[in-house]
Amino acid sequence: MVEKVITLDNVSLIDFLGVENHNIKEVAAAFPMSKIISRGNEIRIKGTTPEITRISDILDSLMEHYQKYGKITQENVQNYISHSGQPLGSNGGILPALPDDDEVLVYGNRGVVVRARTDNQKRLVEAAEKYDLVFAIGPAGTGKTYTAVAIAVRALKNKEVKKIIITRPAVEAGENLGFLPGDLKEKIDPYLRPIYDALDDMIPAEKLKFYTENRIIEIAPLAYMRGRTLNNAFILLDEAQNTTPMQMKMFLTRMGPSSKAIITGDRSQIDLPNRQKSGLIESVEILKSIKEIAFVELDGRDVVRHRLVREIITAYEKAGQ
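Each residue of the sequence shown is one higher than the one before, counting from 1 in full-length UniProt numbering.
Below you can see the structure in the form of structure tokens.
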């Protein structure tokens, strides 16, 4: 008999293996002449070479499925087993157990399906596919940050980039950072909470922890970007209306080869000190003639929060604020 060991890296074991290893037991039941043992993050297969090859193909396809959809169900396992040995799909693997949806950006946690929900959000997705630098500007609740994070996560999952870097200026809005409790990370984290919330929806907790610990996903204040060249990365600058002109120029000149960037901001929520010009507003004026840069405007029609948010935004716009 031949033995093969498969190591499961960067996965939630309970999501992939199933409760009490039920998913792997389902595969083992389909190949009674072979022996499949799961211990920790290793799967040991003992059997004949042809059967080991088929089992490995099934496990590889289940891994691809998990990376895309974030979970494995008993039905998924049965579908992949039933397709074992049949003609391969166009991607070179076993035919998928679930239909593809071109509009889906990310299959997230707890059944969350992330897709662009409005026309302007779809324009943002299309712009990010076509251009390396995109500005997404609109009021609160229009999904610009959430959509931008999903676009970046999709690019990482599809191996279009090697890492994601998400940054935003830590501008004080009524509170002085120096008086907040904790170390620097604890002082800064509240400013970055919306980013963490979006990532929590899209990436399993264990996988997100692996990504952040290995700096595959990096979330940091804008000041930490100075002096860096960001290669093979998807870079997001959030709350860009609170950058100074010098900060914006510094950020824009960080892009390295094979990198893409999305800049999001809201002209109506500038928290900079009086008379301080917003780097976002200035950069839009300076760069608007460059054809290789896309500008996507979102408005009240794109609000995906509580229905009252749209009416609140409209009321403030009428009041000229």
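Note that beta-carbon positions come from the ideal geometry of N, C-alpha and C, so glycine has one too.
Only a predicted model underlies this, so the values are computations on that prediction, with no experimental measurement involved.
For residue j and residue i, the rounded distance between their alpha carbons
i: P99; j: N76; result: For P99, the predicted model reports a pLDDT of 43, less than 50, meaning its position is unreliable; a value from the coordinates is still stated below. Computed Cα separation, rounded: 12 Å.
i: L298; j: I14; result: 39 Å
i: F251; j: S283; result: 11 Å
i: residue 322; j: I164; result: Examination of residue 322 is not possible in this model, given that the chain is present from 1 through 321 alone.
i: D9; j: N41; result: 7 Å
i: R115; j: T314; result: 25 Å
i: I287; j: P190; result: Note that residue 287 is Leu in the sequence shown here, rather than Ile. Looking at the two C-alpha atoms, the distance is approximately 31 Å.
i: V11; j: T229; result: 30 Å
i: K318; j: P273; result: 24 Å
i: P221; j: H65; result: 34 Å
i: I43; j: L124; result: 42 Å
i: G89; j: R254; result: Because the pLDDT at G89 is just 43, under 50, the model does not fix this residue reliably, and the value given afterwards should be weighed accordingly. Taking the straight line from one Cα to the other gives about 40 Å.
i: I312; j: G300; result: 9 Å
i: E285; j: T167; result: 22 Å
i: G47; j: D238; result: 53 Å
i: I6; j: S56; result: 8 Å
i: K4; j: K162; result: 29 Å
i: residue 349; j: T147; result: The structure shown does not extend to residue 349, since the chain is modelled only from 1 through 321, so no value can be given for it.
i: S268; j: D302; result: 16 Å
i: N158; j: D60; result: 16 Å
i: Y211; j: V153; result: 11 Å
Beta-carbon proximity check, residue i vs residue j, cutoff 9 Å
i: K249; j: D132; result: no
i: Q74; j: H22; result: yes
i: S38; j: E51; result: no
i: N242; j: I270; result: yes
i: K277; j: P245; result: yes
i: V149; j: M202; result: yes
i: N169; j: Q247; result: For the sequence presented, residue 169 should be read as Pro rather than Asn. In contact: P169 and Q247 (Cβ atoms closer than 9 Å).
i: R117; j: G143; result: yes
i: T145; j: A223; result: no
i: I137; j: V296; result: yes
i: V27; j: I58; result: yes
i: G265; j: A240; result: yes
i: M63; j: F16; result: yes
i: G18; j: I72; result: yes
Beta bridge counterpart(s) of residue i as assigned by DSSP
i: F210; result: According to DSSP, F210 bridges with nothing at all.
i: F31; result: DSSP lists no partner for F31.
i: K163; result: A233
i: F16; result: Note: F16 sits in no beta bridge, so no partner.
i: I37; result: R44
i: M255; result: L230
i: R168; result: P221
Span of the beta strand (DSSP E), counted from its first residue to its last, around residue i
i: L237; result: 233 to 237
i: L133; result: 133 to 137
i: K260; result: 260 to 265
i: V5; result: 2 to 7
i: E42; result: 42 to 47
i: E282; result: No beta strand (DSSP E) contains E282, which is instead part of the alpha helix (DSSP H) from 279 to 287.
i: P245; result: Careful: P245 lies outside any beta strand (DSSP E), inside the alpha helix (DSSP H) at 245 to 252.
i: A220; result: 217 to 221
Range of the contiguous alpha helix (DSSP H) that encloses residue i
i: Y107; result: Taken as a continuous stretch (DSSP letters only), Y107 belongs to no alpha helix (DSSP H), being part of the beta strand (DSSP E) at 104 to 107.
i: R115; result: Per DSSP, R115 belongs to no alpha helix (DSSP H); it is in the beta strand (DSSP E), 113 to 115.
i: A155; result: 144 to 157
i: E297; result: No alpha helix (DSSP H) holds E297; the beta strand (DSSP E) holding it covers 293 to 297.
i: I81; result: 74 to 83
i: A128; result: 119 to 130
message = With three or more C-beta pairs closer than 8 Å as the rule, is the segment 230 to 239 touching the segment 200 to 209?
response = no
query = If you pair each beta-carbon of the segment 119 to 133 with each one of the segment 257 to 275, do three or more pairs fall below 8 Å?
reply = yes
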